[in-house]
RNA sequence: GGUCCCGUAGCUCAAUGGAUAGAGCAAUUGCCUUCUAAGCAAUGGGUUACAGGUUCGAAUCCUGUCGGGAUCACCA
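Residue numbers (our numbering): 6 to 619.
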């Protein structure tokens, strides 16, 4: 129904029939006419001026006349340079509105019978979720919804990094300093509780390191190994990892903990399960606040040994090769990457080994032809290598792999750092935005008490936070300033929610008054503010498609903002319920209804809910 | 040093190779007796980092330079 496509086809046909030149509709560029020119839609004629060897003006006139003869929607046209501007009849706008309203699945594509897996969040179990996870979760969720909308069956998964040195640090920290405390005894959310012991461990470890640096042994090492004019502070900063591995008492305890874990020591496993369960309880709360969930969790503790059979296969296929020490490698230097190790000399796996194994496991679990990994752009290189490796191994799903790489969320001072305490905690941030929404609601006299008001405020706050994160292109690094609260006015989630709330109130009133909406069919004299809205409504399905093709939810966010903006203008400029002519009133109410529906479904793709009142 | 990403208004961000590069925030100023003012409207703010090239047309594509970031671990 969107005239963009109709015009593409019309122009292509005109060129073929008038000049006998073949042209596919996709080659015809069509856009809404710029406001300063007369017309509704514009076809760009430059590209085939040469093809038919006529002047742009003559070509435009020929095609314009053709469209007047063949299309019942085209009322008139104008040619400006190489642009053909077409004005449509009121009938088109009425029918477009009717088409949008009569399709409850407007904007959704038919099912494809194809599965896509989206992996996102991927937390570590040694600390709570932070701002970076929020961006990750919102992107992952929005992508899942958008792929569902364009017809895929989406499987949402997270990989939980539940083993290794990090969680062992929390475990040692709790054993040594926890004195049997629990999240329940302390009234602390489980993930924060476990994270606190991780931080405490790091603090104690730092103290141990400071003390050790004064020892004779440390000083001897410094004198023997310092490089050039390296001073003591610089040397010990660089030496820290080695110290932790070779000299630290706490480090020894962590390594022993890890060994006992790998050996299946029951006491260690029990502690490990306990700590992880605390963390999962905390994550569950945060995920619920964010409104995201998963169809399946993959635990690293269950997958970290996978991939060795693939290494063996790769050796046989000649994709991998073995070095003298027994380690296994892949040589990707021909595509600009390096040689990468895929299995250690001692036969243990590395990061990429696990990822190969996990990919194959998922394929056998679900048979998904496509997998989307939502992971920060620090890991671009890793995923480039992983995907290329799987391709060379001839894995059947290899061409459907995509790394949805997103930029880090940074503070004005740079990256968030645990050690410097600059990490913006997910729960804290959510609480802060909710506080802000409540404060502003109170200021303007909106209700803030009672379960309904609570729910509305929650939706407004989350709408603001989510829109703030999603409206930026994923690839872009974004700056978040905790000093400046998240806006609730202007280009924001609440701005869009507000237009929906206005419409809702309007429609309720219309229903009470028993307005006859059928009169819309007699409406004539469509106004510019109405056309603006109708054009935007017509674009919606292609916006969702574009977002899916580009793995880019920000398209949908910015579209919703534009639509809401047009609606606010329409609301301000034209009487709706107060329109005196019944046809006009009915048409504008119907138009409002269509806008509300598209806004709600569009925002729903982003995980943003509409409040009932504001 | 190699590879990849980014550079648009004071700030945060838009702009399927198309017409005079747009929004919001911040600043100034109007608009509530009329469907909810978390709104609308107006004003100022730009050599799209820089230099070349491709073409009817470049913020967008190509080359180079400068600036910022990431990565190049038998860490995950």
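Where a beta carbon is used, it is the ideal one built from N, C-alpha and C, also for glycine.
Flag this pair as yes or no: are the beta carbons of residue i and residue j separated by less than 7 Å?
i	j	result
residue 491	residue 438	yes
residue 379	residue 146	no
residue 616	residue 465	yes
residue 178	residue 214	no
residue 565	residue 607	yes
residue 458	residue 493	no
residue 479	residue 386	no
residue 287	residue 195	yes
residue 495	residue 472	no
residue 333	residue 316	yes
residue 507	residue 582	no
residue 474	residue 180	no
residue 453	residue 443	yes
residue 163	residue 299	yes
residue 358	residue 347	yes
residue 34	residue 16	no
residue 390	residue 342	yes
Just mark residue i as buried or exposed, buried being the case when its beta carbon has 16 or more other beta carbons within 10 Å.
i	result
residue 130	buried
residue 239	exposed
residue 110	exposed
residue 486	exposed
residue 116	exposed
residue 422	exposed
residue 328	exposed
residue 51	exposed
residue 488	exposed
residue 250	exposed
residue 138	buried
residue 657	The structure shown has nothing for residue 657, since the chain only spans 6 to 619.
residue 128	buried
residue 396	exposed
residue 84	buried
residue 554	exposed
residue 578	exposed
residue 220	exposed
residue 241	buried
Residues in the same chain with beta-carbon distance under 6 Å from residue i, minus the five sequence neighbours each way, listed in chain order, please.
i	result
residue 406	376, 392
residue 26	20, 56, 57
residue 408	378, 388
Per DSSP, what are the beta-bridge partners of residue i in this structure?
i	result
residue 135	430
residue 327	333
residue 129	166
residue 419	416
residue 124	162, 378
residue 410	380
residue 37	46
residue 483	414
residue 345	335
residue 83	90
Give every residue of the same chain whose Cβ lies closer than 8 Å to the Cβ of residue i, excluding the five residues on either side of it in the sequence, and list them in chain order.
i	result
residue 418	427
residue 567	541
residue 256	210, 248, 249, 250
Under 7 Å Cβ to Cβ from residue i, same chain only, skipping five residues before and after it: list those, please.
i	result
residue 273	262, 265, 266
residue 504	569, 572, 573, 604
residue 552	151, 558, 560, 561
residue 86	61
residue 522	591, 594, 595
- [ ] Only counting runs of 4 or more residues, tell me where the alpha helix (DSSP H) segments fall wholly within the segment 350-380, in order along the chain.
- [x] Runs of the alpha helix (DSSP H) lying entirely within the segment 350-380, each at least 4 residues long, are 356-371 in chain order.
- [ ] Write down every uninterrupted run of the beta strand (DSSP E) in the segment 225-312 whose length is 3 residues or greater and which is fully enclosed by it, in chain order.
- [x] Fully contained in the segment 225-312 are the following beta strand (DSSP E) runs of length 3 or more, in chain order: 301-304.
- [ ] Can you check the segment 538-601 for any alpha helix (DSSP H) of at least 4 residues that lies completely inside it and give the ranges in chain order?
- [x] Given a length threshold of 4 residues, each whole run of the alpha helix (DSSP H) inside the segment 538-601 is given here in chain order: 559-578.
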